[in-house]
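One rule links them: number in our numbering = place in the sequence shown (from 1) + 12.
Here's the structure we're looking at; comments come further down.
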Amino acid sequence: MLKKSKSGETMVATALRLDPDVIARTAPIYERVKGVIPAIEWPVFASDIDAILRLKKERNAIILAHNYQTPEIFHTVADIVGDSLLLAREAATAEADVIVLAGVHFMAETAKLLNPGRTVLIPDAEAGCSLADSITAADIRLLRERYPGVPVVTYVNTSAEVKAESDICCTSGNAKKVVESLGVDRVIMLPDEYLAQNIAAQTKVKIITWKGHCEVHERFTVADIEGFRKNNPGVVVLAHPECPPAVIAASDFAGSTAAMQGYVADRRPARVVMITECSMSDNLAALYPDVDFVRPCNLCPHMKRITLPNIRRALETLTTEIVIPDEVASRARLAVERMIAIG
Ligand code: 13P
Ligand code: SF4
């Protein structure tokens, strides 16, 4: 359809000197994103998408993409999409030779820990996370001295070195279950202070927190939510548990990115606002055109480092490969595997 058109998108394709065969091959893929990517922009993405699909076959590679990846990644080249927990589980059982993690560095490290025999690539090694940057392995050793015998539950949004000092990992999708699985009355949960406080509100287990924050979610306020409700009567407010507790209290539902998607998929609210990263709503809008997404926008600069051109380069050059020293990996793996075993 795009190939035959004499309209703007064909002119853009010509200006970009795109092979008409590429435009024809990618036309069916465009159908998946036509609700969120204007046709005039498609030629900008088409040649990278075409090349990535070819390279995946040549390299026997798969792409795991987090829910915060942009629609042109999430809906076109990704083999598996989801929240941190699902990506970790899928990485553990992946049989491809190469796993490209379209997400941030800690997600790629988690994939490598769970499936050390595969080549795990991150398209931009600088794709970090403010939570992962908020704590070091030495900080955990000090906490253990201060609270002897209290188990350490570590959010997956941390480095492998930090995981190696931990008893067990958790994600926003299983944090309560992990905390309660330990059968103790007190845990240290780090580094996300707000996630820890939000879990503490749901359990009898006493939680010692750390002062790390997600730079995307800490910026949302109760006033933002009041504004969304006032300007969009009847809107359903869904929030990620990395938001401050007052924001969670002002919302209708809180859950991991997968849980938020589940809410939309099951209940089909007429109008919804997702108090989380920008791409989440864009990706769901393509899947649920019957739902009206109000789109406040807080971008994660780390997630946005991943692009189609650097995914293509990762597959062409097999870089940047995740390498974790054995001594760190063996201890960090235990903490992640204990989490996976909880189910
Ligand atoms: P999820 O595990 O809910 O996908 O969250 C990951 C993340 O980085 C949220 O900011
Ligand atoms: Fe880290 Fe927040 Fe970005 Fe998630 S959204 S990767 S927690 S900075």
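A virtual CB, placed ideally from N, CA and C, is assigned to each residue, including glycine.
All values derive from a computational prediction rather than experimental measurement.
- Here the alpha carbons of Asn79 and Lys69 stand approximately 23 angstroms from one another.
- The beta carbon of Ala270 is closer than 8 angstroms to those of Asn79, Gly94, Asp95, Leu97, Leu98 and Gly185 in its chain, skipping five residues each way along the sequence.
- By the neighbour-count criterion, in which 16 or more other beta carbons inside 10 Å mark a residue as buried, Gln214 falls on the exposed side.
- One Cα belongs to Trp222, the other to Met201, and the distance between them is close to 7 angstroms.
- Counting along the chain, Cys181 sits inside no alpha helix (DSSP H); it lies in the beta strand (DSSP E) bounded by residues Ile180 to Cys182.
- For Val174, the shortest separation between its Cβ and any heavy atom of ligand 2 does not lie below 7 angstroms.
- By the Cβ-count criterion, Glu254 is buried, with 16 or more other Cβ atoms from all chains shown falling within 10 Å of its own Cβ.
- Counting C-beta pairs closer than 8 angstroms gives fewer than three between the stretch 114-133 and the stretch 291-304, which falls short of the contact rule.
- Near ligand 1, meaning a Cβ closer than 5 angstroms to any of its heavy atoms, lie the following residues in chain order: Asp95, Ser96, Thr183, Ser184, Ser268 and Thr269.
- The beta carbon of Leu194 sits closer than 6 angstroms to those of Pro163, all from its chain and outside the five residues before and after it, given in chain order.
- A direct Cα-Cα distance of roughly 32 angstroms separates Leu65 from Pro337.
- Taking a cut-off of 8 angstroms on C-beta distances, the stretch 230-239 does not touch the stretch 156-175, as fewer than three cross pairs fall below it.
- Proximity of the stretch 202-212 to the stretch 136-147 meets the contact definition, three or more beta-carbon pairs being nearer than 8 angstroms.
- Here the C-alpha atom of Leu207 lies approximately 27 angstroms from the C-alpha atom of Pro83.
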